[in-house]
Amino acid sequence: MFPISRLFSLVLTLALVPVFLNGCATHKVPQKKTPVTTGHKQVLPRKPGGYYRVRKGDSLYSIAWRAGLDYRTLARWNGLRSPYTIYPGQRIRLSAPKTSSHPVPPKSSKATGNTAKKPVPRGKVDKPVAQPKNKRPAPPPVSRPAKKPPKAAISALHWQWPVRGRVLSRFASNDAAKGGIRIGGRKGQRIVAAESGQVVYVGSGLIGYGQLIIIKHNNKYLSAYGHNSRLLVKEGDKVSRGQHISDMGVTHKGTPLLYFEIRRYGKPVDPLKYLPR
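Following this line, the structure appears as structure tokens:
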């Protein structure tokens, strides 16, 4: 006869086999997470103590544009003055320099070099000085309003459309790839300056813009014109509003368009809020 104890062990073993197999089947091997990239434009790292090595064709304006900074802030951090001359191989600081944390020692007395108070001898107490009677307190100083700046300092810019065409994509503040608008047209179509200013960058060193022109209009505003096929201006040129500066080119996908961007203090703003309807 088959022993009952061995029969019981066999039944128990057969009952546990599905549980073991089920546990093996549901076990998942962890997969590696791949980094997700957003946008197609090159953005410089802004970590504390970060630097950028200047390459041929760079300008302070193009570096500030790529880093999303105001060019004057970048110049101040690097001790540069107008016309902001830089050279290949130079290191450009991309964050504010650290300030010294060491406390400044107190100034010593000129006479004795000791600022400690002398002890007052016993028996001598300084009496309060009696104030003369019927003396009126001096009136508080009158605060005068600040002078208004001259009218010339409040002159506004008068933007115009850089090209005639349909808006293919709009501005999005939360997307680095949509810092401006894309205006469709035909290859070779005339591109004009949206406002008067000075050309501060011409080149193709900024990834995602093609052949790019950047115009400085004043200390506050810059404008950019990307994906050009023919460039009619160079760095340092002064241009007037409506002046023919380039011809429309195509993107890497072969789509003819102009990428147009306006920046205020180095930050992209919606061009449709500045352009006439």
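Heads up: the sequence shown is residues 3 to 279, going by our numbering. Ideal Cβ positions, reconstructed from N, Cα and C, are used throughout, including at glycine.
Legend entry - Option in V201, W163, L71 with minimal Cα separation from E237: V201
Legend entry - Coil, strand or helix - A226 by DSSP: strand
Inset, instruction - Measure the alpha-carbon distance for V194 versus R243 and round it to whole angstroms. - result: 7 Å
Inset, instruction - Take P99 and list the residues in its own chain whose beta-carbon comes closer than 8 Å to its own, dropping the five residues that flank it on each side. - result: W79
Inset, instruction - Note down, in chain order, each residue of its chain lying with its Cβ closer than 7 Å to the Cβ of C26, except the 5 sequence neighbours on either side. - result: For C26, the predicted structure reports a pLDDT of 47, less than 50, and the residue's modelled location is therefore unreliable. A value from the coordinates is still provided. Nothing listed; no residue qualifies.
Legend entry - Straight-line Cα distance separating G199 from V241: 6 Å
Legend entry - First and last residue of the uninterrupted alpha helix (DSSP H) at I65: 62-69
Inset, instruction - Could you tell me which residues DSSP puts in a beta bridge with D249? - result: R192, R232
Inset, instruction - Could you name the residues of the same chain whose beta carbon sits closer than 8 Å to that of L259, not counting the 5 residues immediately before and after it, in chain order? - result: G167, L170, R184, I185, G186, G187, H229, M250, V252, T253
Inset, instruction - Within 10 angstroms of the Cβ of R55, are there 16 or more other Cβ atoms? Answer buried if so, exposed if not. - result: exposed
Legend entry - Assigned exposure category for Q162 - 16 Cβ within 10 Å defines buried: exposed
Legend entry - Proximity below 9 Å, CB of P90 to CB of G182: no
Legend entry - Which of helix, strand or coil DSSP assigns to T39: Reliability fails at T39, whose pLDDT of 35 lies under 50, so the model's placement of it is uncertain and the value that follows must be treated cautiously. The answer is coil: DSSP assigns T39 none of H, G, I, E or B.
Legend entry - Cβ neighbours of N221 in the same chain (closer than 8 Å, five flanking residues each side left out): R74
Inset, instruction - Give me the Cα-Cα distance between A154 and K255, rounded to the nearest whole angstrom. - result: Reliability fails at A154, whose pLDDT of 43 lies under 50, so the model's placement of it is uncertain and the value that follows must be treated cautiously. Looking at the two C-alpha atoms, the distance is approximately 45 Å.
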